[in-house]
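Undergrad:
Chains as they are written, first to last, in this note's numbering: chain A, 1 to 430; chain B, 1001 to 1092.
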């Protein structure tokens, strides 16, 4: 049973049947899946969702497949929790973390989009799947494709973090490291996709693939107790996730699954790659592509295809955007780990650093509910923090060695506190 | 100035299914006008009514995005390879 009506161009509104067509043939605009919402409303209730599988497929009526799902059956349904320690550190009242750093099976929100993309690729009859990726998508296509017995071709910038390279190879995928940045990988893949009959999940399956991101939004609403947060901060790479989270919120509101929707949506980008945030802050209509330079490699897209929709989402919800420097990203990764016990990757660092900044600027009110979107796992981007977390104390295996080390550290800690106290005293005298 | 232009799949119906055509032009703007002459309707697909490139159309000269060069005014020289490519999503 399918509720999908077809595809519609987001730019010029031209309609297409649900086929392997990825851009509007007329204006090159991106295509969006359209649904028969009246029919969905007749069958989709809170009770129906609650009795569904504990995976992203509990929202199957709002996903663009025709038959039963065949991929990503364990994906989604990730933790969502009130982050009291972090809230205290940021001086706010009601803060939540949506944590896709523990998504099954590849530890990022890309499991969601790939679950949908590969289920759809199977329906279309493909036996080969492929993608252009900044790393997380590569991991997800490699893994889900293994489960689904697809042949897999995965294209990444050659200089990605080791965790993301090994996290693609281990599943037996054919991995191609391209000498260039993601925008160049993407351009190459667009030309490959035109020549080879493969399901490129983020190219020719893109309209279907992108819908998977909505489940991140549905889960937040369900896990908050069928209500929407007042503020949500989302990282931007290509700009798809942020507009799909907003689409999810609107759909639940239109289907009367949540009572009201007044969420402000905020965009987070790293300082070395912030074309969308720059346009938001400059109130510009044009997003200028840039050449990325940031440790947040998963966000390093200088020419974001869905950047305009990301910008529209922020503007129409009354949100804003900010950027985070490399040091702020590292500090935020450590802050989340030390307050909430969650080790996120650089993209999560960007999101939290930007959240902190927007709170400090007064853009996000301290007495309102805030959701921080954590989309990936820190173990995949260890290079970013390896020189910023200290090292293990290496000792001989005996008690005396331990105590010598322990007492010395305690002393220097005391000294440190004393020095801090004295310098405070000193500064108050001065 | 004879340049090679790679035509994206959605526009190949207009170029009699040719994936690559050659074109005489000194700038990107001239190239689009020239293609319009040979394949009427071509310009409308790439440009807005005011003549500016549509926002989801990316043009590359020898692998460099023209927005990093001089945009539509970028000069072409003989042997240049031009690609016309739709914007594509990804990342995070």
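Positions of the beta carbon are idealized from the N, C-alpha and C atoms, including for glycine. Bear in mind the structure is a predicted one, so any value in this text is a computation, not a measurement.
1) With a cut-off of 8 angstroms, does the C-beta of residue 1092 of chain B fall near any C-beta of chain A?
2) Whole beta strand (DSSP E) runs in the region 247-292 of chain A with 3 or more residues, listed along the chain?
3) Jot down the residue ranges of each uninterrupted beta strand (DSSP E) in the region 338-409 of chain A, minimum 3 residues, whole runs only, in chain order.
4) Hey, could you find the ends of the alpha helix (DSSP H) residue 202 of chain A is sitting in?
5) Quick one, which residues of the region 1015-1047 of chain B are near chain D if we go by CB-CB under 7 angstroms, in chain order?
6) Is DSSP giving residue 1024 of chain B helix, strand or coil here?
7) Which of the three DSSP states is assigned to residue 66 of chain A in this structure?
8) Does the region 277-293 of chain A come close enough to the region 312-327 of chain A to have 3 or more Cβ pairs within less than 8 angstroms?
9) What number of angstroms, rounded off, separates the C-alpha of residue 352 of chain A from the C-alpha of residue 332 of chain A?
10) With residue 6 of chain A as the anchor, note down where its beta strand (DSSP E) starts and where it stops.
11) Report the start-end ranges of each alpha helix (DSSP H) in the region 44-101 of chain A that is 4 residues or longer and not cut off at the edges.
12) Can you check whether the CB of residue 384 of chain A is closer than 8 angstroms to the CB of residue 354 of chain A?
13) Residue 295 of chain A by DSSP, collapsed to three states: which one?
14) Is it buried or exposed, residue 246 of chain A, if we count other Cβ atoms within 10 angstroms and call 16 or more buried?
15) Go through its chain and collect everything with a Cβ distance to residue 1092 of chain B's Cβ below 7 angstroms, but skip five positions before and after it.
16) Compute every distance between the C-beta of residue 315 of chain A and the non-hydrogen atoms of the ligand ATP, then say whether any falls below 7 angstroms.
17) Where DSSP assigns a beta bridge to residue 155 of chain A, which residues make up the other side?
18) For residue 431 of chain A, is the classification buried or exposed, using 16 other Cβ atoms within 10 angstroms of its Cβ as the cut-off for buried?
19) Please list, in chain order, all residues of the same chain as residue 1080 of chain B whose beta carbon is under 7 angstroms from its beta carbon, the five residues on each side excluded.
20) So the candidates are A:299, A:305 and A:208; which of them puts its Cα closest to the Cα of residue 288 of chain A?
21) Return helix, strand or coil for residue 1019 of chain B, following the three-state DSSP convention.
22) Would residue 1080 of chain B count as contacting chain A if we go by Cβ distances under 8 angstroms?
23) Of the choices A:256, A:264 and A:27, whose alpha-carbon is the least far from that of residue 1054 of chain B?
24) Quick check on DSSP: helix, strand or coil for residue 1086 of chain B?
25) If we ignore side chains and look at the alpha-carbon of each, how far apart do residue 125 of chain A and residue 23 of chain A end up?
26) Taking 8 angstroms as the CB-CB cut-off, is residue 179 of chain A touching chain B?
27) Using a Cβ-Cβ distance cut-off of 8 angstroms, determine whether residue 1069 of chain B contacts chain A.
28) Taking DSSP as the reference, what is the three-state secondary structure of residue 1092 of chain B?
29) Tell me whether residue 1006 of chain B sits in a helix, a strand or coil according to DSSP, three-state version.
30) Whose Cβ in chain A lies nearer than 7 angstroms to the Cβ of residue 1066 of chain B?
31) Under 8 angstroms, Cβ to Cβ, is there at least one residue of chain B near residue 194 of chain A?
32) Is the Cβ of residue 117 of chain A closer than 8 angstroms to any Cβ of chain B?
33) Is any beta-carbon of chain A found at less than 8 angstroms from that of residue 1003 of chain B?
34) Which of helix, strand or coil does DSSP assign to residue 137 of chain A?
35) Evaluate residue 341 of chain A with the Cβ neighbour count: other Cβ atoms within 10 Å of its Cβ, from every protein chain shown; 16 or more gives buried, anything less gives exposed.
TA: Based on what the coordinates show:
1) Because residue 1092 of chain B carries a pLDDT of 48, less than 50, the predicted location of this residue cannot be relied on, and the following value inherits that uncertainty. Yes, residue 1092 of chain B lies at the interface with chain A (some Cβ there is under 8 angstroms from its Cβ).
2) 264-270
3) 369-374
4) Taken as a continuous stretch (DSSP letters only), residue 202 of chain A belongs to no alpha helix (DSSP H), as it is neither H nor E.
5) Any reference to chain D falls outside this structure, whose protein chains are A and B.
6) strand
7) coil
8) yes
9) 6 angstroms
10) 4-9
11) 46-50 and 84-90
12) no
13) coil
14) buried
15) Low confidence applies here, because residue 1092 of chain B scores a pLDDT of 48, under 50, leaving its location unreliable and the question unanswered by this model.
16) For the ligand ATP, the structure offers nothing, since it holds no ligand at all.
17) A:132 and A:176
18) Residue 431 of chain A falls outside the range modelled here, since chain A spans only 1 to 430, and no answer is possible.
19) 1003, 1061 and 1062
20) A:305
21) coil
22) no
23) A:27
24) strand
25) 20 angstroms
26) no
27) no
28) Bear in mind that a pLDDT of 48 at residue 1092 of chain B, under 50, signals an unreliable position, so the number given afterwards is only what the model happens to contain. Looking at residue 1092 of chain B - three-state DSSP - the assignment turns out to be coil, as it is neither helix nor strand.
29) strand
30) Per Cβ cutoff of 7 angstroms: no residues; residue 1066 of chain B is ~10 angstroms from chain A at best.
31) yes
32) no
33) no
34) helix
35) exposed
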